[in-house]
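What follows is a short report on a single structure.
Numbering (our numbering), first residue to last: 28 to 386.
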């Protein structure tokens, strides 16, 4: 019994020592993030839009009559002069219609001459009281109807001759062919667009603008155009047209910026950028990487530096400029927002600013 007691005491002492030497449980993993203190940004903003060089005037071309295409005389990119024939339809049916109308006109003219001669004879007979006044009136009506028939057929011949000339598709002005959508032998309808041409002269850049940037574009202090093929050269621009209706697919608004200084080196179809320079009041802005959405509404993670915990907060955005977004409401200067790792944290989560991720 005396032996068992010391052994028990030794065992308890050993267990106590083991408990004192065990390491503490590891701390919970605190996710590193990058954060930025919100401040007022300069009032000058510059936004870039990519676009394509287009002609000031672009015209869809169509035959004014239906028929089968007989010849196609141009290709995409062909330079054409005003009045130059682009394509022709088979004119045979229209020529036959003209011939038939001319034959009817010749017959009507013969009948009109005969009616005129009869009217002259009956007028002389009436002067001698050989016929009644009613008979003379009938002859006069017959002559007038014959003359009216002649006028009608002459108009019909002119109309059919016009249709015959419409079998030729001609360029309404000098320019370049930008699209051709027909081939020889194809049957086309009257008014069906079969080609497109760009008028020679003024050039402009077509861009697509989001809804929240429309006001800035209208109030821009300066518009500058640069070609991707020669970025070192800049051209002053002017907003000529802004569509009042958004595109159904992209929900953006089409705008056209004209070149104020014509340059023959600017070719149709070239890729260009339009710099929109604005002078506005200083405003808050955050990197676009700080934004995420909840139920479609833009949010940011606001970091409490004292507790090192984050909270989601809704914001109202303004214009996008480069990699930053203007914040109209929802934040105050001096607050901290998470700018990296926003999709890997949750409300109330504790975070830390890793040295390598400090702004």
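Yeah, the Cβ is synthetic: ideal placement off N, Cα and C, and Gly gets one too.
Using C-beta distances below 6 Å, list every residue in its chain close to residue i, excluding the 5 sequence neighbours before and after it, in chain order.
i: residue 386; result: Low per-residue confidence applies at residue 386: pLDDT is 47, beneath 50, and the placement is therefore not dependable, though the value from the model is reported in the following sentence. Closer than 6 Å at Cβ, skipping near neighbours: 63.
i: residue 95; result: 117, 214
i: residue 290; result: none
i: residue 356; result: 343
i: residue 84; result: 226
i: residue 255; result: 298
i: residue 33; result: Any reading at residue 33 must be qualified, since the residue scores a pLDDT of 49, below 50, and its modelled position is unreliable; no value is offered.
i: residue 150; result: none
i: residue 220; result: 87, 89
i: residue 193; result: 91, 92
i: residue 153; result: 163
Pull up the distance between the alpha-carbon of residue i and that of residue j, whole angstroms please.
i: residue 262; j: residue 302; result: 10 Å
i: residue 354; j: residue 330; result: 17 Å
i: residue 326; j: residue 274; result: 27 Å
i: residue 377; j: residue 312; result: 24 Å
i: residue 348; j: residue 251; result: 16 Å
i: residue 374; j: residue 207; result: 58 Å
i: residue 237; j: residue 358; result: 23 Å
i: residue 315; j: residue 59; result: 19 Å
i: residue 65; j: residue 310; result: 10 Å
i: residue 119; j: residue 191; result: 9 Å
i: residue 233; j: residue 279; result: 12 Å
i: residue 367; j: residue 235; result: 29 Å
i: residue 115; j: residue 186; result: 19 Å
i: residue 122; j: residue 182; result: 16 Å
i: residue 253; j: residue 78; result: 10 Å
i: residue 68; j: residue 277; result: 30 Å
i: residue 101; j: residue 228; result: 20 Å
i: residue 145; j: residue 172; result: 13 Å
Tell me, to the nearest whole angstrom, how far the beta carbon of residue i is from that of residue j; I am working on the premise that it is less than 8 Å.
i: residue 218; j: residue 89; result: 5 Å
i: residue 295; j: residue 61; result: With 8 Å as the limit, residue 295 and residue 61 do not qualify as a contact, their Cβ atoms being about 45 Å apart.
i: residue 300; j: residue 76; result: 7 Å
i: residue 176; j: residue 135; result: 5 Å
i: residue 139; j: residue 174; result: 5 Å
i: residue 203; j: residue 104; result: 7 Å
i: residue 243; j: residue 189; result: About 51 Å separates the two Cβ atoms, so there is no contact after all.
i: residue 346; j: residue 239; result: 6 Å
Leaving out the 5 sequence neighbours to the left and right, which residues in its chain are closer than 8 Å to residue i when beta-carbon positions are compared?
i: residue 370; result: 319
i: residue 25; result: The requested residue 25 is not part of the displayed model; the chain covers only 28 to 386.
i: residue 372; result: 58, 60, 328, 337, 365, 378
Using alpha carbons as the reference points, say which of the options lies closest to residue i.
i: residue 324; options: 341, 235, 164; result: 341
i: residue 317; options: 305, 350, 192, 297; result: 350
i: residue 184; options: 159, 208, 126; result: 126
i: residue 260; options: 292, 276, 321; result: 292
i: residue 74; options: 257, 67, 152, 247; result: 247
i: residue 210; options: 233, 105, 97; result: 97
i: residue 245; options: 174, 271, 172; result: 271
i: residue 179; options: 131, 190, 105; result: 131
i: residue 141; options: 166, 268, 57; result: 166
i: residue 380; options: 360, 288, 333; result: 333
i: residue 205; options: 195, 222, 216, 196; result: 222
i: residue 241; options: 257, 269, 216; result: 269
i: residue 99; options: 322, 257, 196; result: 196
Who are residue i's beta bridge partners in DSSP?
i: residue 231; result: 81, 285
i: residue 172; result: Beta-bridge pairing links residue 172 to no other residue.
i: residue 362; result: Note: residue 362 sits in no beta bridge, so no partner.
i: residue 314; result: 351
i: residue 214; result: 95
i: residue 58; result: 378
i: residue 162; result: None; residue 162 has no bridge partner.
i: residue 276; result: According to DSSP, which records beta bridges pairwise, residue 276 is partnered with nothing at all.
i: residue 251; result: 263, 302
i: residue 400; result: Absent from the structure is residue 400, since the part of the chain shown begins at 28 and ends at 386.
i: residue 73; result: 304
i: residue 206; result: 223
i: residue 116; result: 96
i: residue 152; result: DSSP output for residue 152 lists no bridge partner at all.
Excluding the five sequence neighbours on either side, which residues of its own chain have a C-beta within less than 7 Å of the C-beta of residue i, listed in chain order?
i: residue 129; result: 184
i: residue 198; result: 107, 108, 109, 110, 111, 113, 224
i: residue 52; result: Because residue 52 carries a pLDDT of 49, less than 50, the predicted location of this residue cannot be relied on, and the following value inherits that uncertainty. Hits under 7 Å: none found.
i: residue 200; result: 109, 226
i: residue 162; result: 149
i: residue 143; result: 170
i: residue 352; result: 312, 313, 315, 318, 344
i: residue 231; result: 81, 83, 267, 283, 284, 285, 286
i: residue 249; result: 304
Hey, is residue i's beta-carbon within less than 8 Å of any beta-carbon in chain D?
i: residue 288; result: This model lacks chain D altogether; it includes just one protein chain.
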